[in-house]
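Undergrad: When we follow my numbering, the leftmost residue of the sequence shown carries the number 703, and every step to the right adds one. We put the beta carbon where it would ideally sit given N, CA and C, even for glycine.
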Amino acid sequence: MITVLSPMAGVNDKTFRNLCLSMGADMVFTEMISVNGLVNGNKKSFEMLPDSEENAVIQLFGNNPEYFARASDVIRNCRPKWVDLNAGCPVPKVVKNGYGAALMRSPTLVRKLVETLASKGLPVSVKMRIGWEKEQNFMEVAHAALDGGAFLVSIHGRTVEQGYAGKANWEPARMLKEKMPIKVGVSGDIFSASDALNAMTFTNADMVFVARGAIGNPWIFRQIKEMTFGGKPTVITFKERRDILKQHLLNSIEEHGIHGIITFRKFLAAYLKGLPSSHAVKVKMLQMSDFNSLTEVVNAYFDKLISCERGGVERGNT
Ligand SMILES: Cc1cc2nc3c(=O)[nH]c(=O)nc-3n(C[C@H](O)[C@H](O)[C@H](O)COP(=O)(O)O)c2cc1C
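1. Using a threshold of 8 Å, state whether the C-beta atoms of Phe-966 and Leu-1007 are closer than that.
2. DSSP beta-bridge partners for Phe-731?
3. Given a threshold of 16 other Cβ atoms within 10 Å of its Cβ, counted over all protein chains shown, does Gln-949 qualify as buried or as exposed?
4. The beta strand (DSSP E) with Lys-829 in it runs from where to where?
5. Comparing the CB of Ala-913 with every heavy atom of ligand 1, is any distance shorter than 7 Å?
6. Is it a yes or a no for the segment 759-775 touching the segment 785-792, going by three-plus beta-carbon pairs under 8 Å?
7. In three-state DSSP terms, what is Lys-869?
8. Is Cys-791 near ligand 1, in the sense that its beta carbon is under 7 Å from a heavy atom of that ligand?
9. Could you tell me the alpha carbon to alpha carbon distance between Ser-995 and His-981, rounded to whole angstroms?
10. Please report the straight-line C-alpha distance between Ala-901 and Ala-771, rounded to a whole angstrom.
11. Would you call the segment 822-832 and the segment 842-856 in contact, with 3 or more CB pairs under 8 Å?
12. Grab me the residues of Ser-991's own chain with a C-beta within less than 6 Å of its C-beta, minus the 5 sequence neighbours each way, in chain order.
13. Where do the N-terminal and C-terminal ends of the beta strand (DSSP E) with Phe-931 fall, by residue?
14. From Val-985, Asn-757, Gly-865, Val-713, pick the residue whose C-alpha is nearest to that of Gly-1027; which is it?
15. So, does the segment 876-885 touch the segment 830-849, judging by three or more C-beta pairs under 8 Å?
16. For Lys-666, name the three-state secondary structure that DSSP assigns.
17. Is the distance from the Cβ of Arg-813 to the Cβ of Ile-832 below 8 Å?
18. Helix, strand or coil, according to DSSP, for Asp-786 in the structure here?
19. State yes or no: is the C-beta of Arg-943 within less than 8 Å of the C-beta of Gly-726?
The structure is reproduced here in structure tokens:
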């Protein structure tokens, strides 16, 4: 099974991508990157680009074919595995400008943008949602992607209006796989290795996309591999969790400077989620911006858990 770290704006920095790769993710998406930003030399957009040695997929958003053509000249140096067109982002600021999910209203434009990228010699995919409530046209958009030369469509099984509400619907991914001569990625509510296996069994998709389920839980990729090969997913120990957390924090600071402590907070909260007596210590940690003090609190908290674990109080995996 091919496992993919799904694109997440504000989450998939280089540190997190590399962590997920080290845990067994086959492919890692960047955050969505603005083609306008790349064309206009925006520093932030350039910082989001991957290194050539990563197994990275670059996701672009925008709607101007000329900009996509120029952006593909820029990203070629990063040697991405492929390039993905964002046709699913529901954020109002993005949609209002005619980007992201707004593209699902214009399959002709989707085709044109895919054609533009493909004409530059890049393998292309399109990531979309089921559609808008009143027009759930994922099949039509997938046809447009295929006609434009895409080799893969991935689908987050929710409508644009749904945001993240309700349960993800994997049926459209199953239909795409059954009816279309194109590779399919399934996305939505993959929070455990068994979710990944269930999604693959149900849809017969070619790739499974993990998003929120990897935050604070990057070993999900290793667990998916273990289950795929018939084993039981290894339970992560408190010691491993602490070591991964601390290395993640260090790498985050290396990437972002001292601001890395702030960007790490969303991961920190997720690493602690569901752990015994974690609420008060989490509140404390989330207010800290000094590396040494934070590491001390992390060590003290986990030392207690580790000694309990050694004493035989094994905690189930989350
Ligand atoms: C914080 C966050 C940022 C996201 N950013 C993007 C993005 O930049 N591009 C995109 O195509 N999808 C984005 N997504 C959607 C995810 O890739 C994924 O399709 C969605 O979260 C459903 O998967 P999940 O239920 O496993 O989280 C984002 C999701 C989250 C939670």
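TA: According to the structure data:
1. Remark: C-beta atoms of Phe-966 and Leu-1007 do not approach each other more closely than 8 Å.
2. Here Phe-731 is bridged, per DSSP, to Val-759.
3. Exposed: under 16 other Cβ atoms inside 10 Å.
4. Counting along the chain, Lys-829 sits inside the beta strand (DSSP E) bounded by residues 826-831.
5. Result yes, Cβ under 7 Å from ligand 1.
6. Yes, the segment 759-775 touches the segment 785-792.
7. Three-state result, Lys-869: coil.
8. Checking the Cβ of Cys-791 against ligand 1 gives yes.
9. Their Cα atoms are separated by approximately 18 Å.
10. Ala-771 has its alpha-carbon roughly 35 Å from the corresponding atom of Ala-901.
11. The answer is yes - the segment 842-856 touches the segment 822-832, with three or more Cβ pairs under 8 Å.
12. Answer for Ser-991: Ile-963, listed in chain order.
13. Element bounds for Phe-931: n/a, residue is neither H nor E.
14. Absent from the structure is residue 1027, since the part of the chain shown begins at 703 and ends at 1020.
15. The segment 876-885, when compared against the segment 830-849, does touch it at the 8 Å Cβ threshold.
16. The first residue shown for the chain is 703 and the last is 1020, placing residue 666 beyond what the model contains.
17. No.
18. For Asp-786, the secondary structure class from DSSP, reduced to helix, strand or coil, is strand.
19. Cβ atoms of Arg-943 and Gly-726: not closer than 8 Å.
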